[in-house]
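Colleague: Just passing along the structure, written as structure tokens.
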């Protein structure tokens, strides 16, 4: 993001490949140096790149989402690749933020929501000059639009478009569309309802590297009756909070999550830039808030994306196992039902790790 005062603000950097750095350098030449590298999440798939990227820009300050952790042992931030002497915790308010943020941004932090072995947290930024909302994982949009990178290499789509190990169909737009649907479903559910998973011995015995050599010719599931189509279509039509966040994370602290969404919804943004799937989403604060309606007892309004119950079953089963193992807490009642705000807070979990605790919402809702 171009700062009004000059220089660049980088939110959740991607891998610092030569191609990426070349493109960033073009922006540096035009707008000035990278001044801030902001990691607005604790998720491993994002933070794994932030330290390396920050080291490529030695004058930039690095800002970390609260609740950073490592597994199995917590390590200092510098041990995780973040540069010493210029890495700082995310400011709590815009008043505490660097002066060159104040003209351009508002921001709000959710969490960290801490579980036994992990955490979830996100800081979203409202860029006032362009009325844009920068988010990591809290919302996304599922569409039929294929990312352009698959024009360079469609092999992942061709691999996943097969119904069974012996499928060998020529590349086509229809085949790529089917592969895209299935890639999205795997990413959001891990075990979509329309697959039958084979045991290890069967998968190895049926190996066909002559048909598709990826993964040593292994294709360890079958897709049944084009079941990816209804599953995919159920996710379309608006902003969606990822199913894993719905079933395993945000519903552990629904008051805190909804308070966060309420604050974000008050900003005057007209587009959202998420870290996953389609980008440049044309939605406002009302649409952002509606995406969190799964956290209310009244449920998701008709016409909005809602995962099929069959696709959620794997996450529901995982929830039972994770609660039994103590990895996550039991979910409290949802707001909007018979339980009061105070009662829901009392039944929510507020764990701590390394001196950082889940922020507890006030009994009286913020104005």
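Residue numbers (the UniProt record's numbering): 1 to 367.
Ideal Cβ placement from N, Cα and C applies to all residues, glycine included.
#1: Is it the case that the Cβ atoms of residue 110 and residue 269 are separated by a distance below 9 Å?
#2: So what's residue 267 in DSSP terms, helix, strand or just coil?
#3: Looking only at its own chain, which residues have a Cβ that is under 7 Å from the Cβ of residue 149, when we skip the five neighbours before and after it?
#4: Does the distance from the C-beta atom of residue 292 to that of residue 241 stay below 9 Å?
#5: Buried or exposed: which applies to residue 197, given that a residue is buried once 16 or more other Cβ atoms fall within 10 Å of its Cβ?
#6: Any idea what DSSP makes of residue 339, helix, strand or coil?
#7: If residue 358 sits next to residue 113, beta carbons under 8 Å apart, how far is it from one beta carbon to the other, in whole angstroms?
#8: Would you report the Cα separation of residue 90 and residue 102, rounded to the nearest angstrom?
#9: Is residue 217 closer than 9 Å to residue 195 when the C-beta atoms are compared?
#10: Report the rounded CA-to-CA distance for residue 175 versus residue 306, giving the unit in angstroms.
#11: Contact check, residue 105 vs residue 124 under 8 Å by CB: the rounded distance?
#12: Starting from residue 89, follow the alpha helix (DSSP H) in both directions and report where the run begins and ends.
#13: Output needed for residue 15: all residues of its chain with C-beta closer than 7 Å, excluding positions within five of it in sequence on either side, in chain order.
#14: What is the rounded straight-line gap between the Cα of residue 42 and the Cα of residue 221?
#15: Taking all protein chains shown into account, do 16 or more other C-beta atoms lie within 10 angstroms of the C-beta of residue 243, making it buried, or fewer, making it exposed?
#16: Where does residue 150 fall in DSSP's three states?
#17: For the region 214–247, which segments carrying the beta strand (DSSP E) assignment without a break, of at least 3 residues, lie completely within its bounds, in sequence order?
#18: Kindly indicate the opening and closing residues of the beta strand (DSSP E) around residue 197.
#19: Between residue 139 and residue 272, how many whole angstroms is the CB-CB distance? I'm expecting something under 8 Å.
#20: Please identify the residue among 344, 147, 116, 229 whose C-alpha is closest to the C-alpha of residue 163.
#21: Could you compute how far the alpha carbon of residue 200 sits from the alpha carbon of residue 206?
#22: Under a three-way DSSP split, which group does residue 313 fall into?
#23: In this structure, what does DSSP give as the bridge partners for residue 41?
#24: Could you check what DSSP says for residue 10 in three-state terms: helix, strand or coil?
#25: Relative to the C-alpha of residue 32, which residue among 57, 46, 17, 81 is closest?
#26: If I measure Cβ to Cβ from residue 348 and keep anything under 6 Å in the same chain, skipping five residues before and after, which residues do I get?
#27: Quick one: using the 10 Å Cβ neighbour count with 16 as the cut-off for buried, is residue 299 buried or exposed?
#28: Could you work out which residue in 330, 183, 275, 354 is closest to residue 70 when comparing CA atoms only?
#29: For residue 325, which of helix, strand or coil comes out of DSSP?
#30: Give me the Cβ distance between residue 83 and residue 55, rounded to the nearest whole Å; I'm assuming they're in contact under 8 Å.
#31: Within a Cβ cutoff of 7 Å, which residues of the same chain sit near residue 280, ignoring the five residues on either side of it in sequence?
#32: Let's see if you can read the secondary structure: which residues bound the alpha helix (DSSP H) around residue 26?
#33: Between residue 223 and residue 203, what straight-line distance do the alpha-carbon atoms span, to the nearest angstrom?
#34: DSSP state of residue 276, grouped into three classes?
Modeller: On the basis of the supplied data:
#1: In this structure, residue 110 lies away from residue 269, with their beta-carbon atoms at least 9 Å apart.
#2: In the structure shown, residue 267 adopts coil according to DSSP, grouped into three states.
#3: Around residue 149: no qualifying Cβ.
#4: For residue 292 and residue 241, yes; Cβs fall inside 9 Å.
#5: Exposed, by the Cβ-count rule.
#6: DSSP places residue 339 outside both helix and strand once states are collapsed to three, so it counts as coil.
#7: So it is a contact: roughly 6 Å between Cβ atoms.
#8: Using only the alpha carbons, I get a separation of about 14 Å.
#9: In this structure, residue 195 keeps its C-beta atom at 9 Å or more from the C-beta atom of residue 217.
#10: Computed Cα separation, rounded: 25 Å.
#11: Not really, about 10 Å apart at Cβ, beyond 8 Å.
#12: Residue 89 -> not in any alpha helix (DSSP H); beta strand (DSSP E) instead, spanning 87–89.
#13: The beta carbon of residue 15 sits closer than 7 Å to the beta carbons of 49 from its chain, once the five residues preceding and following it are set aside; these are given in chain order.
#14: Each residue's alpha carbon lies about 32 Å from the other.
#15: With 16 or more other Cβ atoms within 10 Å, it is buried.
#16: Taken through DSSP and simplified to helix, strand or coil, residue 150 comes out as helix.
#17: Those beta strand (DSSP E) runs which fall completely within the region 214–247 and span 3+ residues are 221–223.
#18: Here the beta strand (DSSP E) through residue 197 covers 195–197.
#19: Taking 8 Å as the upper bound for CB-CB distance, residue 139 and residue 272 are in contact here, some 7 Å apart.
#20: For residue 163, the nearest C-alpha among the options comes from 229.
#21: Taken atom to atom, the span from the alpha-carbon of residue 200 to that of residue 206 is near 10 Å.
#22: Judged by DSSP in its simplified three-state form, residue 313 adopts helix.
#23: Looking at the DSSP output, residue 41 sits in a beta bridge with 122.
#24: In the three-state reduction of the DSSP assignment, residue 10 falls in the strand class, which pools E and B.
#25: Out of 57, 46, 17, 81, 57 has the C-alpha closest to the C-alpha of residue 32.
#26: Contacts found: 253, 332.
#27: With fewer than 16 other Cβ atoms from the protein chains shown falling within 10 Å of its own Cβ, residue 299 counts as exposed.
#28: Out of 330, 183, 275, 354, 354 has the C-alpha closest to the C-alpha of residue 70.
#29: Residue 325 falls in the helix class under three-state DSSP.
#30: Contact between residue 83 and residue 55 holds, since their C-beta atoms are separated by about 6 Å, short of 8 Å.
#31: Taking residue 280 as the centre and dropping the five residues before and after it, the same chain places the C-beta of 271, 273 closer than 7 Å to its C-beta, in chain order.
#32: Run containing residue 26: 18–31, per the alpha helix (DSSP H) assignment.
#33: Answer to the nearest angstrom: the Cα atoms are 14 Å apart.
#34: Residue 276 carries a coil assignment under DSSP once its states are collapsed to helix, strand and coil.
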